[in-house]
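Per the working numbering, residue 5 is the first one in the sequence shown, and the count goes up by one each step.
Glycine included, every Cβ here is placed at the ideal spot set by N, Cα and C.
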Amino acid sequence: MEVEYIVIKHRGRSLPLEGVQASIKRLHPRHAVIPILTAKEFSLEAGISGEIKLAEALHKHSFPFEHRVIHDLSLASTTPFQIDSLFLTPFYALVLEVKNIGGRLEFRDNPPQLIRTRETGEVDGFESAAAQVERNGELLEGWLKSKGIYIPIFQAVVLAYPKQILDRAPAKTPVLFPNHVPRYIMELPRKETLLDQKTFNWLAEEFLDRHINYVPRPVCETYNIPRKDIRTGVICLNCGVIGMVKIKRSWRCRSCGFLDHRAHERGVREWFLIMGREMTNKDCREFLGVDMNIASRILCSMDLNSIGSCRYRRYTLDFHKKDL
């Protein structure tokens, strides 16, 4: 009997990627940190494409038993931890860690490390994906035990594309390509139902309720970029030029004439991603290029959280509450 494929949490917008891309647009092309940000952008995009590849492979397959799929899950046990994809069943839970690293790959166990050899012969070292997924499995096991849930936890590393050549696999952790994951799932033991329907449904909802939305540190803090290096002004969504002009009920691009009544919302969102966790009226007017009254109207219109009063008021943005 086939059971409907159920995803109870899809992958959301990547705030780290959004912040890096916004910073690249606002820095001078020859700024010293641009190569670092560009490399980070490539790495984040590669990781996301790999996770999408896995999601597509799972979606194409029909499983003959109850299950739930949770993507990009962040929880707190003895320490916070993040799971790329969790495949939950009444028999077990499977933790999947996706890697999209090109070249020839070698997993070393002592000490745990992932070695990548490029076509050029250049060698890079990374944290072992096998050790990472095993640690996440242990943390998930502890999280479940704290709620009185005892089920087997399996782990696997998923290499996003067959172009990734595996020279040496880890000793204990399976390494799979996305299309092989459904078969691996079907081979895992299902002899004993450990979660009844009520508990299974409760646990699936508990994962969603306990998920911790991740908000990265502002880019300027992470990469030690002086705030003065960030070019201010509202960016035109149509042509990319910085410096839209505020007109009645809208913004107009001085370069292409494009009109955008929500341009300030993107600007405020970028400020929080790049500059800091709290914004003042002064920050808003300097970043968007508006006067005090317009800045006040913008900040009051955006459903931001406020701290303090009058001239000492500061604003914060809940990225997962306000999807601009």
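Asked, Found
"Only counting the same chain, and skipping five residues up and downstream in sequence, which positions put a Cβ closer than 7 Å to that of CYS240?", "MET248, CYS257, SER259, CYS260 and PHE262"
"Since ALA80 is in the alpha helix (DSSP H), which residue starts that stretch and which ends it?", "From DSSP, ALA80 is part of no alpha helix (DSSP H) but of the beta strand (DSSP E) over 72 to 80."
"Assuming PHE158 is part of the beta strand (DSSP E), what are its boundary residues?", "157 to 163"
"Roughly how many whole angstroms lie between the Cα atoms of GLU138 and ALA80?", "16 Å"
"Could you tell me which residues DSSP puts in a beta bridge with PRO4?", "Past the boundaries of the shown model lies residue 4; the chain is included only from 5 to 328, so the question cannot be answered."
"With H, G and I counted as helix, E and B as strand and the rest as coil, what does DSSP make of VAL37?", "coil"
"Using a threshold of 9 Å, state whether the C-beta atoms of PHE85 and LEU31 are closer than that.", "no"
"From LEU118 to MET296, what does the alpha carbon distance come to, in whole angstroms?", "53 Å"
"Would HIS4 be called buried (16 or more neighbouring beta carbons within 10 Å of its own) or exposed?", "Since the first and last residues shown for the chain are 5 and 328, residue 4 lies out of range."
"Please state whether DSSP places PRO84 in a helix, a strand or coil.", "strand"
"Please name the residue in GLU123, SER78, LYS232 and GLU110 whose C-alpha comes closest to that of VAL219.", "SER78"
"Just list the residues that DSSP pairs ARG370 with in beta bridges.", "Outside the modelled stretch of the chain, which goes from 5 to 328, sits residue 370, for which no answer is possible."
"Report buried or exposed for THR93, applying the criterion of at least 16 other Cβ atoms within 10 angstroms of its Cβ.", "buried"
"When DSSP builds the beta bridges, which residues end up paired with ASP128?", "ARG120"
"Who are the near neighbours of GLN168 in its chain, counting only those whose CB is closer than 7 Å to its CB and skipping five residues on each side?", "ILE105, GLY106 and LEU109"
"If you follow the alpha helix (DSSP H) that LYS202 is in, where does it begin and where does it stop?", "201 to 214"
"With three or more beta-carbon pairs closer than 8 Å as the criterion, would you say the region 190 to 200 touches the region 167 to 182?", "no"
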